[in-house]
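Scroll down for the structure; my scribbles are underneath it.
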Ligand SMILES: [Zn+2]
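Residue numbers (this note's numbering): -6 to 252.
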């Protein structure tokens, strides 16, 4: 069930029976010359919908703008500052908790959100409000993602291209895939600037002139479908695991004493 499509008596019944919510989060940021700015939030929302369909748990409206200042040099990229994002997401979950939710899966598809969602999860647990976990699809199937493509990339590479070819092929510029490869950072490890163990960049454009990483020409809708199904299995299992936990198991541990 999608919260925004439901009427309140049906939601009242849901909150009486269940206490888990699926919260999709992404970004609206450049994804190379070949993919839409919506890439991350489309991916997050598709996984959220799939999990809701498979499990019956509630999916709530997607957070579509995330922490993306490092993509600002590319026209159109939208972002909010990290402290604002953390406060917004925390407030959003506190609102869900008011209705009876005490466990949340952040279905996140943007790397720049991860550390902030972890911080929000900590705040919510420390205050005994809710137990929230951050989940990213590619982290749930690392071997499959590694094996699928020779030149992967952390951003706008073949894995994200394949997922959008599967989910929204109308938004992929297939005729620009070679351009995305040749004008970007085809070998991410060689392109990402570091010096003596320090990251010596802050913005994506410093590592990839067109914003893409890896070789998107290796992507296909078939590979996207395979990755989507495999990660959806992981997300379904995570939701069921979280729903089955006793609240006492999820709470922050007590302070240690010597006695
Ligand atoms: Zn992305």
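Glycine included, each C-beta is placed from N, C-alpha and C at the ideal position.
These figures come from a predicted structure and were not determined experimentally.
Near ligand 1, which residues have their beta-carbon closer than 7 Å to a heavy atom? For ligand 1, the selected residues are 20, 24, 32, 33, 102, 103, 148, 149 and 153.
Let's see if you can read the secondary structure: which residues bound the beta strand (DSSP E) around residue 127? Within the chain shown, residue 127 is the residue found at index 134, counting from 1. Note, residue 127: beta strand (DSSP E), 124 to 129.
Endpoints, alpha helix (DSSP H) assigned at residue 75: One-based indexing of the chain shown puts residue 75 at position 82. Per DSSP, residue 75 belongs to the alpha helix (DSSP H) from 75 to 91.
Give the range of the alpha helix (DSSP H) segment to which residue 8 is assigned. Taking the first residue of the chain shown as 1, we reach residue 8 at position 15. According to the DSSP assignment, residue 8 belongs to the alpha helix (DSSP H) that extends over 1 to 10.
DSSP on residue 149, reduced to helix/strand/coil? Taking the first residue of the chain shown as position 1, residue 149 is located at position 156. If DSSP states are grouped into helix, strand and coil, residue 149 belongs with coil.
Cβ neighbour criterion (16 or more within 10 Å) applied to residue 54: For the purposes of this step, residue 54 is taken as residue 61 along the chain shown, with counting starting at 1. Residue environment analysis places residue 54 among the exposed positions, since fewer than 16 neighbouring C-beta atoms fall within 10 angstroms of its C-beta.
Who are the near neighbours of residue 16 in its chain, counting only those whose CB is closer than 6 Å to its CB and skipping five residues on each side? Stepping through the chain shown from its first residue, residue 16 is reached at position 23. Answer for residue 16: 53, 97 and 99, listed in chain order.
Same chain, Cβ closer than 6 Å to residue 148, neighbours up to 5 away in sequence not counted: Looking up residue 148 in the chain shown gives position 155. Taken in chain order, the residues that qualify are 206.
DSSP has residue 17 in a bridge; who is on the other side? Along the chain shown, read from residue 1 onward, the residue named residue 17 stands at position 24. Bridge partners of residue 17: 100.
Count the other CB atoms within 10 Å of the CB of residue 5; is the residue buried (16 or more) or exposed (fewer)? As a first step, residue 5 must be located in the chain shown, where it is residue number 12. In summary, residue 5 is exposed, with fewer than 16 beta-carbon neighbours lying within 10 Å of its beta-carbon over all protein chains present.
What do you reckon, are the CB atoms on residue 233 and residue 48 nearer than 8 Å? For the purposes of this step, residue 233 is identified with residue 240 of the chain shown, where counting begins at 1. For the purposes of this step, residue 48 is identified with residue 55 of the chain shown, where counting begins at 1. Yes. Within cutoff.
When you measure from the CB of residue 186 to every non-hydrogen atom of ligand 3, does any distance come out below 7 Å? This structure does not include ligand 3; its bound ligands are ligand 1.
Looking at C-alpha atoms only, which residue of 20, 32 and 82 is the closest neighbour of residue 72? Against the chain shown, residue 72 aligns to sequence position 79. Nearest C-alpha to residue 72: 20.
Beta-carbon proximity list for residue 203, same chain, < 7 Å, skipping 5 on both sides: Position 210 of the chain shown, counted from the start, is the residue given in the question as residue 203. Once the five neighbours on either side are set aside, the close Cβ partners of residue 203 are 25, 26, 173, 176 and 177.
Would you call residue 195 buried or exposed, if buried means 16 or more other Cβ atoms sit within 10 Å of its Cβ? Your numbering for residue 195 matches position 202 in the chain shown. Exposed is the call here.
Does residue -5 come out as helix, strand or coil in the three-state DSSP assignment? Sequence index remark: in the chain shown, residue -5 carries index 2 (1-based). Secondary structure at residue -5: strand, using DSSP grouped into helix, strand and coil.
Secondary structure of residue 253, DSSP reduced to three states: It is not possible to answer for residue 253, since the shown part of the chain is limited to -6 through 252.
Any 3 or more C-beta pairs closer than 8 Å across the region 235 to 251 and the region 180 to 198: The region 235 to 251 vs the region 180 to 198: no contact.
Look at residue 13 and residue 235 and say whether their C-beta atoms are less than 8 Å apart. Here residue 13 corresponds to residue number 20 of the chain shown, with the count starting at 1. Here residue 235 corresponds to residue number 242 of the chain shown, with the count starting at 1. Yes; because the gap between Cβ atoms is below 8 Å, this pair is in contact.
Euclidean distance between Cα positions of residue 2 and residue 8: Taking the first residue of the chain shown as position 1, residue 2 is located at position 9. Taking the first residue of the chain shown as position 1, residue 8 is located at position 15. Rounded to the nearest angstrom, the two C-alpha atoms are 10 Å apart.
For residue 113, the three-state DSSP class (helix, strand or coil): Translated into positions along the chain shown, residue 113 becomes position 120. Here residue 113 carries a helix assignment [DSSP, helix/strand/coil].
Who are the near neighbours of residue 60 in its chain, counting only those whose CB is closer than 8 Å to its CB and skipping five residues on each side? Residue 60 sits at position 67 when you count from the first residue of the chain shown. Around residue 60: 20, 72, 73, 74, 75, 78, 103, 105, 106 and 109.
Give every residue of the same chain whose Cβ lies closer than 6 Å to the Cβ of residue 153, excluding the five residues on either side of it in the sequence, and list them in chain order. Locating residue 153 in the chain shown gives position 160, counting from the first residue. Only 32 meet the Cβ criterion.
Cβ separation of residue 114 and residue 122, assumed to be a contact under 8 Å, to the nearest whole Å: The residue labelled residue 114 in the question sits at position 121 within the chain shown. The residue labelled residue 122 in the question sits at position 129 within the chain shown. So it is not a contact: roughly 10 Å between Cβ atoms.
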